[in-house]
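For reference, the structure is listed below as C-alpha coordinates.
In the working numbering, the protein residues as written are 318 to 466.
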(Lines of atoms letter the chains of each structure in order from A and count residues from 1; the text may use other names and numbers.)
(Lines give C-alpha, C1' and ligand atoms only; values in the text may rest on other atoms or scores of the structure.)
Protein backbone atom coordinates (compact mmCIF):
# COMPACT_ATOMS: atom_id res chain seq x y z
CA UNK A 1 0.00 0.00 0.00
CA UNK A 2 2.90 2.32 0.81
CA UNK A 3 4.44 1.63 -2.58
CA UNK A 4 1.19 2.52 -4.34
CA UNK A 5 0.89 5.71 -2.30
CA UNK A 6 4.49 6.64 -3.12
CA UNK A 7 3.97 5.97 -6.82
CA UNK A 8 0.79 8.08 -6.84
CA UNK A 9 2.60 10.91 -5.08
CA UNK A 10 5.48 10.85 -7.57
CA UNK A 11 3.09 10.71 -10.53
CA UNK A 12 1.08 13.62 -9.11
CA UNK A 13 4.25 15.69 -8.67
CA UNK A 14 5.38 14.93 -12.21
CA UNK A 15 2.00 15.82 -13.71
CA UNK A 16 1.75 19.10 -11.81
CA UNK A 17 5.37 20.21 -12.27
CA UNK A 18 5.75 23.31 -14.44
CA UNK A 19 6.80 22.73 -18.01
CA UNK A 20 9.91 24.58 -19.08
CA UNK A 21 10.28 25.48 -22.74
CA UNK A 22 13.63 24.88 -24.36
CA UNK A 23 13.02 27.02 -27.44
CA UNK A 24 15.52 29.76 -28.20
CA UNK A 25 14.59 32.79 -30.30
CA UNK A 26 16.55 33.12 -33.56
CA UNK A 27 17.64 29.49 -33.46
CA UNK A 28 14.40 27.56 -32.85
CA UNK A 29 12.02 30.18 -34.22
CA UNK A 30 12.11 33.52 -36.00
CA UNK A 31 10.01 36.63 -35.55
CA UNK A 32 9.17 38.79 -38.53
CA UNK A 33 10.70 42.23 -38.79
CA UNK A 34 7.37 43.42 -40.12
CA UNK A 35 4.56 44.09 -37.67
CA UNK A 36 0.83 43.76 -38.11
CA UNK A 37 -1.62 46.21 -36.56
CA UNK A 38 -4.81 44.23 -36.02
CA UNK A 39 -8.12 45.80 -35.02
CA UNK A 40 -10.96 43.48 -34.03
CA UNK A 41 -14.47 44.82 -34.55
CA UNK A 42 -17.97 43.64 -33.68
CA UNK A 43 -20.17 44.90 -36.52
CA UNK A 44 -23.81 45.13 -35.48
CA UNK A 45 -26.40 42.82 -37.10
CA UNK A 46 -27.55 43.93 -40.56
CA UNK A 47 -24.81 46.59 -40.70
CA UNK A 48 -22.02 44.67 -42.47
CA UNK A 49 -22.62 46.04 -45.96
CA UNK A 50 -23.10 49.60 -44.71
CA UNK A 51 -19.92 49.34 -42.64
CA UNK A 52 -17.93 47.89 -45.56
CA UNK A 53 -19.23 50.68 -47.80
CA UNK A 54 -18.08 53.21 -45.22
CA UNK A 55 -14.61 51.78 -44.70
CA UNK A 56 -14.13 51.58 -48.45
CA UNK A 57 -14.44 55.40 -48.49
CA UNK A 58 -12.34 55.94 -45.38
CA UNK A 59 -10.01 53.16 -44.23
CA UNK A 60 -9.36 51.50 -47.60
CA UNK A 61 -8.88 54.78 -49.47
CA UNK A 62 -6.43 56.15 -46.92
CA UNK A 63 -4.51 52.86 -46.79
CA UNK A 64 -4.22 52.83 -50.59
CA UNK A 65 -2.48 56.20 -50.41
CA UNK A 66 -0.25 55.07 -47.53
CA UNK A 67 0.69 51.97 -49.54
CA UNK A 68 1.51 53.99 -52.68
CA UNK A 69 3.68 56.30 -50.57
CA UNK A 70 5.49 53.29 -49.06
CA UNK A 71 4.26 54.03 -45.54
CA UNK A 72 2.70 50.57 -45.21
CA UNK A 73 3.39 47.20 -46.84
CA UNK A 74 -0.21 46.04 -47.21
CA UNK A 75 -3.63 45.97 -45.59
CA UNK A 76 -6.53 43.52 -45.45
CA UNK A 77 -10.07 43.06 -44.21
CA UNK A 78 -11.23 39.70 -42.82
CA UNK A 79 -14.85 38.89 -41.98
CA UNK A 80 -16.08 35.81 -40.16
CA UNK A 81 -18.66 33.75 -42.00
CA UNK A 82 -19.74 31.96 -38.82
CA UNK A 83 -22.90 33.26 -37.15
CA UNK A 84 -21.51 32.85 -33.61
CA UNK A 85 -18.10 34.44 -34.00
CA UNK A 86 -17.57 35.50 -30.40
CA UNK A 87 -16.40 38.98 -29.45
CA UNK A 88 -15.63 40.15 -32.99
CA UNK A 89 -16.68 39.37 -36.54
CA UNK A 90 -14.41 41.65 -38.58
CA UNK A 91 -10.66 42.28 -38.55
CA UNK A 92 -8.77 45.17 -40.09
CA UNK A 93 -5.07 44.45 -40.59
CA UNK A 94 -2.26 46.80 -41.63
CA UNK A 95 1.24 45.44 -42.27
CA UNK A 96 4.19 47.73 -41.56
CA UNK A 97 7.75 46.92 -42.66
CA UNK A 98 8.97 47.46 -39.10
CA UNK A 99 8.01 49.01 -35.77
CA UNK A 100 9.98 52.10 -36.82
CA UNK A 101 7.23 52.85 -39.35
CA UNK A 102 4.84 53.46 -36.45
CA UNK A 103 6.92 56.31 -35.07
CA UNK A 104 5.61 59.87 -35.56
CA UNK A 105 7.11 61.34 -38.72
CA UNK A 106 6.27 64.86 -39.86
CA UNK A 107 7.56 64.28 -43.41
CA UNK A 108 5.41 61.17 -43.85
CA UNK A 109 2.40 62.95 -42.38
CA UNK A 110 2.81 65.93 -44.71
CA UNK A 111 3.29 63.66 -47.74
CA UNK A 112 0.14 61.75 -46.83
CA UNK A 113 -1.95 64.90 -46.32
CA UNK A 114 -0.67 66.32 -49.60
CA UNK A 115 -1.64 63.13 -51.46
CA UNK A 116 -4.91 62.60 -49.58
CA UNK A 117 -6.01 66.24 -49.36
CA UNK A 118 -6.88 68.16 -46.20
CA UNK A 119 -10.56 68.44 -47.20
CA UNK A 120 -10.75 64.71 -47.82
CA UNK A 121 -9.09 63.98 -44.46
CA UNK A 122 -11.60 66.24 -42.69
CA UNK A 123 -14.55 64.66 -44.54
CA UNK A 124 -13.38 61.16 -43.59
CA UNK A 125 -13.07 62.18 -39.94
CA UNK A 126 -16.57 63.68 -39.97
CA UNK A 127 -18.06 60.61 -41.69
CA UNK A 128 -16.35 58.22 -39.28
CA UNK A 129 -17.46 60.11 -36.18
CA UNK A 130 -21.05 60.45 -37.39
CA UNK A 131 -21.65 56.94 -38.74
CA UNK A 132 -19.37 54.28 -37.28
CA UNK A 133 -20.50 54.38 -33.62
CA UNK A 134 -23.99 53.26 -34.70
CA UNK A 135 -22.59 50.37 -36.79
CA UNK A 136 -19.87 48.74 -34.75
CA UNK A 137 -17.88 48.37 -31.55
CA UNK A 138 -14.10 48.15 -31.59
CA UNK A 139 -13.28 45.08 -29.53
CA UNK A 140 -9.49 45.28 -29.42
CA UNK A 141 -6.23 46.32 -31.02
CA UNK A 142 -3.08 44.26 -31.28
CA UNK A 143 0.44 44.71 -32.61
CA UNK A 144 1.65 41.32 -33.85
CA UNK A 145 4.73 39.72 -35.32
CA UNK A 146 4.64 36.60 -37.47
CA UNK A 147 6.37 33.60 -35.85
CA UNK A 148 8.09 31.00 -38.01
CA UNK A 149 9.04 27.71 -36.32
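Backbone N, C-alpha and C define an ideal beta-carbon position, used for all residues, glycine too.
Answer yes or no: do residue i and residue j have a C-beta to C-beta separation smaller than 8 Å?
i           : j           : result
residue 453 : residue 368 : yes
residue 446 : residue 406 : no
residue 413 : residue 354 : yes
residue 438 : residue 430 : yes
residue 432 : residue 389 : no
residue 339 : residue 465 : no
residue 371 : residue 449 : yes
residue 375 : residue 444 : yes
residue 461 : residue 377 : no
residue 463 : residue 349 : yes
Within 10 angstroms of the Cβ of residue i, are there 16 or more other Cβ atoms? Answer buried if so, exposed if not.
i           : result
residue 415 : exposed
residue 411 : buried
residue 357 : buried
In its own chain, which residues sit with a C-beta less than 7 Å from the C-beta of residue i, not counting the 5 before and 5 after it?
i           : result
residue 361 : 452 and 453
residue 419 : 413
With DSSP as the reference, please indicate the residues paired to residue i in a beta bridge.
i           : result
residue 460 : 354
residue 301 : A question about residue 301 goes unanswered here, because the residues of the chain that appear run from 318 up to 466.
residue 465 : 347
Going by beta carbon distance, what residues of the same chain come within less than 6 Å of residue i, once the five residues before and after it are set aside?
i           : result
residue 380 : 392
residue 404 : 456
residue 364 : 452
Spatial neighbours of residue i within its chain, please: CB distance less than 8 Å, with the 5 preceding and 5 following residues excluded, ordered by chain position.
i           : result
residue 384 : 390, 391 and 392
Report task. Scan the region 329–415 and note each continuous alpha helix (DSSP H) run of 4 residues or more that stays entirely inside, going in chain order. Result -> 365–372 and 378–385, all fully within the region 329–415.
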